[in-house]
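So the sequences go chain by chain: A and B.
Residue numbering for the first sequence is 501 to 757, as defined by my numbering.
Residue numbering for the second sequence is 138 to 151, as defined by my numbering.
Right, one structure below, let's go through it.
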Amino acid sequence: MFEARLISATILKKILDAIKDLLNEGTFDCSDSGIQLQAMDNSHVSLVSLTLRSDGFDKFRCDRNISMGMNLGSMAKILKCANNDDTVTIKAQDNADTVTFMFESPNHEKVSDYEMKLMNLDQEHLGIPETDYSCVVRMPSMEFARICRDLAQFSESMLICCTKEGVKFSASGDVGSANVKLAQTSSVDKEEEAVSIEMQEPVTLTFACRYLNAFTKASPLSGQVQLSMSADVPLVVEYRIQDLGHIRYYLAPKIED
Amino acid sequence: SQTQGRLDSFFKVL
């Protein structure tokens, strides 16, 4: 028996919004420790890694490890049926071929359940090596989303250059060129507004704007985003989900021919 | 010029 309950359906809606542009389907691996999903997009350029810890749920029970392959479009249709302040419970029997989403209104007067067929998905798990990144940038997630949106107008790819002075995002194309420089903040009122840079070595890498923009769909999950970069390895874009876990996106850099 | 890398060439398939 698997059962996981969240007090607010909003968080699950936001998580789905953060992954459904990149993935059509995904396998949710459930165990005692929580729920994990790791999946690459069809072109194998980016990877989504979602971790939701069991202690972040209002209730969590997983008697036996269970992998649930879900069509994310279908899951989105079901989650649309939940109000934001509904409690959501995800339930499945061991070896089941369906999963049930149950939504309860705050006053418990409305209870709805939606059963969805599970899918058998070919899982290709990737071993991601532990990496000491040369540069780790933390910045407001909305600022990062804004920069990705703005620079995508100029080119399909974006250069990210990180030095100890700051981080620079650049794009150039037929229209002209764009550069956005962010310096490390010296003092801020709110921690969420801070820009911080930990640098061992300066790094310059080029990435496809389309994927970066897809990652920024996770912005509603977290006030801050963390970019981890080293020369010639995939970028990691991480959004922490308060008290519950995180969503990490990996993106292969553009490489010289 | 540059081409788009793929994750398979950086991470090992388990």
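We put the beta carbon where it would ideally sit given N, CA and C, even for glycine.
Residues of chain B with a CB under 8 angstroms from the CB of residue i: which are they?
i, result
"Leu-625(A)", "Per the sequence shown, the amino acid found at residue 625(A) is His instead of Leu. The contacting residues are Val-150, Leu-151."
"Leu-547(A)", "Leu-144, Phe-148"
"Ala-752(A)", "Gln-141, Gly-142, Arg-143, Leu-144, Ser-146, Phe-147"
"Met-540(A)", "Leu-144"
Locate the alpha helix (DSSP H) running through residue i, then write down its first and last residues.
i, result
"Cys-709(A)", "709-715"
"Asp-650(A)", "641-651"
"Leu-572(A)", "572-579"
If distances are taken between C-alpha atoms only, which option among the options comes closest to residue i?
i, options, result
"Thr-762(A)", "Ser-687(A), Pro-720(A), Ser-657(A), Gln-724(A)", "An answer regarding residue 762(A) cannot be provided, because it is not within the stretch 501 to 757 covered by chain A."
"Gly-534(A)", "Ile-507(A), Ser-687(A), Ser-567(A), Val-545(A)", "Ser-567(A)"
"Asp-743(A)", "Phe-557(A), Leu-522(A), Gly-526(A)", "Phe-557(A)"
"Leu-618(A)", "Asn-571(A), Cys-635(A), Cys-581(A)", "Asn-571(A)"
"Met-729(A)", "Asn-565(A), Val-667(A), Ala-694(A), Gly-676(A)", "Val-667(A)"
"His-608(A)", "Asn-583(A), Asp-555(A), Ala-718(A)", "Asn-583(A)"
"Asp-622(A)", "Ile-507(A), Gly-569(A), Asp-555(A)", "Gly-569(A)"
"Ser-677(A)", "Phe-528(A), Pro-629(A), Ile-511(A), Gln-653(A)", "Gln-653(A)"
Please report whether the beta-carbon of residue i lies at a distance below 8 angstroms from any beta-carbon of chain B.
i, result
"Ala-731(A)", "no"
"His-608(A)", "no"
"Ile-590(A)", "no"
"Ile-660(A)", "no"
"His-544(A)", "yes"
"Thr-706(A)", "yes"
"Arg-521(A)", "The displayed chain sequence assigns Asp, not Arg, to residue 521(A). No, Asp-521(A) does not count as interfacial toward chain B."
"Pro-640(A)", "no"
If I follow the unbroken beta strand (DSSP E) through residue i, where does it start and stop?
i, result
"Glu-738(A)", "735-741"
Leaving out five residues on either side along the sequence, give the residues of the same chain with a beta carbon under 6 angstroms from the beta carbon of residue i.
i, result
"Met-602(A)", "Thr-589, Asp-613"
"Asp-597(A)", "Leu-618"
"Met-699(A)", "Cys-635, Lys-664"
Leaving out five residues before and five after residue i in sequence, what residues of the same chain have Cβ atoms less than 8 angstroms from its Cβ?
i, result
"Asp-524(A)", "A small correction: the amino acid at residue 524(A) is Asn; Asp does not occupy that position in the sequence shown. Excluding sequence neighbours, Asn-524(A) sits near Asn-542, Asn-571, Leu-572, Gly-573."
Tell me whether residue i counts as near the ligand ZN, meaning its Cβ is closer than 7 angstroms to at least one heavy atom of that ligand.
i, result
"Gly-673(A)", "Annotation note on the ligand ZN: not contained in the displayed structure, which lists no ligands."
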